[in-house]
């Protein structure tokens, strides 16, 4: 084996995916005048040359401190070289004895077969990965191009878009004076007339660390909506109140809320946009991903959801709302949602799997009897009754409104208005009409006076 090293450098590379059968075949091919041990040693060295290549095998033998044993005329030392190279362990010191050589060579053959099998599996895996990358290469390139275009053009607007934006900005500069109802609406709970007990009860229930859902009963125009809005502002100032300074007050009308059995549109609870038939953001529609749209219950999270005329709301929708009140979450469903789809954005996956937060206090107002409201919903709400306004209450409302208008009321004007209505809202409207009529009749006088000169409203 003196010339083995030089022979090792000139061997040609063969198939690197040989297995145990090929190793045994190589051993059989080496059958000759030499004994079995020598033939197996030479066959293993040949397989190592085929696997690593001549140059790399020399380098590896040098690292394993086995190079001097490769050229040794002693079979035991050559087997020691094989042990160090195949096991990649330069610390093996003991030279095998002659009677151990066959067993050790058999073990080394098994180990080398495992190495060949592992290499074969790794090559197959790399081949599959390369094929998959090639298949998806065009999609990856397209996605990257689209992302770059979006980043470069996200702040660029076309001339038409610029013209529309400038038109909107011009419209923003034009505004009329505030409406009479906005001007004359009470700005504090002290200005709410004739409902002291109801307002105090409302404030007590909302200022508690554990605020209750409420239903407000009472005739129209007595201040139910205004009281709820103002009481929330008062509750925010209380120490024990759970409402934050920015707690929302979301107002809606129960007469406009309708139950959609297909769940395609539901402004109250939220809905899921069908990516095919209803449309969605382009990046979601292209991949068929449904997009949940949270409703008013989520907008009211941490605050108050006020539903006026809750008695007019669809019974099925009341049942759905009851479920949201219990769970404090609004859940979404869609046949297009696939939880295993890795392309689904995290926020959409979170909405489908965990639901949208909807922890709020419900305040419903109605002019109807309690029987028109779902009993299960009613049982979860405290009830507050607003009393009908008396003529003296109407007169006080009219006088307070006249002060805000800077108008002088003649004798008997407030009393006259109280004879025509017991609704505060209608009384305000009558006063506003009288104010406008007084301005018209005294138009010339108004031109000669300052704008803040009080207008006199007298009985005809």
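In this note's numbering, the protein residues as written are 311 to 770.
Cβ atoms here follow ideal geometry from the backbone N, Cα and C, with glycine treated the same way.
If you're wondering where the values come from, they're calculated on a predicted model, not measured in any experiment.
Sub-8 angstroms separation of residue 405 and residue 416 beta-carbons: no
Per DSSP, residue 640 forms a beta bridge with which residues? 666
Option in 351, 655, 726 with minimal Cα separation from residue 663: 655
Looking at C-alpha atoms only, which residue of 559, 525, 391 is the closest neighbour of residue 358? 391
Taking the C-alpha atoms as reference points, what is the distance between residue 356 and residue 363? 10 angstroms
Taking contact to mean 3 or more Cβ pairs, one atom from each stretch, closer than 8 angstroms, check whether the region 693-711 and the region 491-510 are in contact. yes
Do residue 735 and residue 525 have their C-beta atoms closer together than 8 angstroms? no
Using 10 angstroms around the beta-carbon of residue 650, count the other beta-carbons present and answer buried if the total reaches 16, otherwise exposed. exposed
So, using beta-carbon positions, are residue 532 and residue 512 closer together than 8 angstroms? no
Extent of the continuous beta strand (DSSP E) to which residue 293 belongs: No information on residue 293 is available, as it lies outside the stretch 311 to 770 that the chain covers here.
Coil, strand or helix - residue 733 by DSSP: coil
Round the Cβ separation of residue 608 and residue 666 to the nearest angstrom and send it over; I've been treating them as touching at under 8 angstroms. 4 angstroms
Can you give me the C-alpha to C-alpha distance between residue 766 and residue 742, rounded to a whole angstrom? 13 angstroms
Of the choices 614, 658, 640, whose alpha-carbon is the least far from that of residue 599? 658
Buried/exposed call for residue 751, threshold 16 Cβ in 10 Å: exposed
For residue 633, verify whether its CB is less than 7 angstroms away from any heavy atom of the ligand NAD. Looking at this structure, you won't find the ligand NAD or any other ligand, since it has none at all.
Using 10 angstroms around the beta-carbon of residue 611, count the other beta-carbons present and answer buried if the total reaches 16, otherwise exposed. buried
Whole runs of the alpha helix (DSSP H) within the region 349-400, excluding any shorter than 4 residues: 364-373, 377-380, 385-397
Flag this pair as touching only if the region 445-461 and the region 421-428 have three or more C-beta atom pairs under 8 angstroms; answer yes or no. no
Given residue 711, which residues of its chain have a CB within under 6 angstroms of its CB, disregarding the five upstream and five downstream residues? 494, 738, 741
Separation of residue 670 from residue 553, as counted between CA atoms: 10 angstroms
Measure the alpha-carbon distance for residue 603 versus residue 455 and round it to whole angstroms. 29 angstroms
Could you tell me which whole beta strand (DSSP E) segments of length 3 or greater appear in the region 500-572? 523-527, 559-563
Compare the C-alpha of residue 675 against each of 384, 768, 713, 615 and name the closest. 615
Beta strand (DSSP E) containing residue 675: first to last residue? 671-676
Taking the alpha carbon of residue 518 as the reference point, which residue from 548, 634, 408, 714 has its own alpha carbon closest? 548
Indicate whether the contact test is met: 3 or more Cβ pairs, each with one atom in the region 696-706 and one in the region 725-734, closer than 8 angstroms. yes
Any chain D beta carbon closer than 8 angstroms to residue 627: Protein chain content of the structure displayed is limited to a single chain, and chain D is not contained in it.
Do residue 613 and residue 673 come within 8 angstroms of each other at the CB atom, strictly closer than that value? no
Take the Cβ of residue 521 as the centre, count every other Cβ of all protein chains shown within 10 Å, and call the residue buried at 16 or more, exposed below. buried
In the DSSP assignment, the beta strand (DSSP E) including residue 713 goes from what residue to what residue? Looking at the DSSP string, residue 713 is not in any beta strand (DSSP E); the run it does join, the alpha helix (DSSP H), is 701-714.
Beta-carbon proximity check, residue 578 vs residue 627, cutoff 8 angstroms: yes
From the DSSP output, read off the bridge partner residues of residue 615. 560, 672
Cα-Cα, which of 385, 453, 354, 484 is closest to residue 421? 354
C-beta contact flag for residue 642 and residue 580 at 8 angstroms: yes
First through last residue of the beta strand (DSSP E) which encompasses residue 718: 717-719
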